[in-house]
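For the sequence shown, position 135 matches number 135 in this note's numbering, and the numbering has no gaps at all. Heads up, the beta-carbon is just placed ideally off N, CA and C, and yes, glycines get one too. The structure appears right after this line, and notes come after that.
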Amino acid sequence: MRDEKTVIHVSTREGYDRWAAIYDDEPNPTTWLDARELPALWPALAGRQVIELGCGTGRVLGPLRERGAIVTGVDFAPGMLQKAAAKHPDARLVLHDLGAPPLPFADASFDVVVSSLVLEHIADLAGFFAEARRLCRPGGAMALSTMHPALFLRSIQAHFYDRARAEEVRFESFPHQVGAIVTAALGAGWTIEAIVERIVDEALGEQHPKLEKFVGWPLWLGLRLRRDA
Ligand SMILES: C[S@@+](CC[C@H](N)C(=O)[O-])C[C@H]1O[C@@H](n2cnc3c(N)ncnc32)[C@H](O)[C@@H]1O
């Protein structure tokens, strides 16, 4: 589908497959902020089995491994996973749709579940949190981040600019608000330990060339969850 502003709308999988070639190379204020904020939500990782749901190009697998985690990454975009495999040849990487559970892992196989900047593409939040909890051992944790839902109120969603074709590519997103995310996590049996909403202030806005336009707005939402039993 094409409109006069040369914005095209594609499926999430196709969008990320196309974005994969340049995802790591272009300045991205959301991944920049995520890299700064998400690790604060991680428990100790040395020797832990950690799964990242929606691992993309393996951007987050790097810092997880630096902290000693034994990582598994899952994604449904082959182009993104190829990039991850090039960076992390010894990591276990699995092509699977998070919207089609169960994932091919036994119950309670992981100490920690991580998911970074994926939630807006997940239609069924309840199913997502239930599957994440099934994979996590009792006493384990989940660290989750997402583009802050307030941005949907400004009609901002995941997209990239394809210079070769001179078109902005937008892919399917679901405008879940904070209440829906929290309710789904609680409903699946997670305990919420922390919720972080990072608002871009003037000082933060000066630290990244593309952050200035977000000053005064929350850009990043993070949750740390615990599986009690
Ligand atoms: C914004 S990227 C984030 C990648 C990585 N976590 C990061 O922070 O750099 C979102 C990723 O989620 C993946 N994704 C979205 N929906 C998915 C689904 N239903 N199943 C598996 N992966 C999905 C996309 O293919 C993409 O790689």
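- Counted as a single uninterrupted DSSP element, the alpha helix (DSSP H) harbouring Trp19 occupies residues 12-19.
- Where Ile51 is concerned, the enclosing beta strand (DSSP E) starts and stops at 49-53.
- Under the 8 Å Cβ criterion, the region 44-56 counts as touching the region 70-77, having at least three qualifying pairs.
- Taking the Cα positions, Leu119 is about 12 Å away from Val182.
- His148 is not bridged by DSSP to any residue.
- Per DSSP, Phe171 is one residue of the beta strand (DSSP E) stretching across 167-171.
- Taking a cut-off of 8 Å for Cβ pairs, the region 207-218 and the region 25-45 touch, as three or more such pairs fall below it.
- Of Leu95, Val112, Asp111, the smallest CA-CA separation from Pro104 is found for Leu95.
- From the listed residues Trp42, Gly127, Val178, Arg198, the smallest Cα separation to Pro63 is found for Trp42.
- Exclusion of the five residues before and after Asp124 leaves Gly99 as the residues of its chain whose Cβ lies within less than 7 Å of its Cβ.
- Annotation for Ile181: the continuous alpha helix (DSSP H) segment containing it runs 178-187.
- By the neighbour-count criterion, in which a residue is buried when 16 or more other Cβ atoms sit within 10 angstroms of its Cβ, Gly68 is exposed.
- Its Cα nearest to that of Gly47, the residue Glu66 stands out among Ser173, Glu66, Asp34.
- By the criterion of at least three beta-carbon pairs nearer than 8 Å, the region 159-167 is not in contact with the region 128-138.
- Nearest C-alpha to Phe110 among Pro102, Ile51, Leu151: Ile51.
- By the Cβ neighbour-count rule, Gln49 is buried, with 16 or more other Cβ atoms within 10 Å of its own.
- Under the DSSP assignment, Leu95 falls outside any alpha helix (DSSP H), being part of the beta strand (DSSP E) whose first and last residues are 92-95.
- Between the alpha carbons of Thr191 and Ser155 lies a distance of about 31 Å.
- Taking C-alpha positions only, Pro101 is separated from Arg134 by approximately 11 Å.
- Unbroken alpha helix (DSSP H) runs of no fewer than 4 residues, entirely contained in the region 53-125, are found at 61-66, 78-87, following chain order.
- Here Arg226 is near Ala141, since their CB atoms are less than 7 Å apart.
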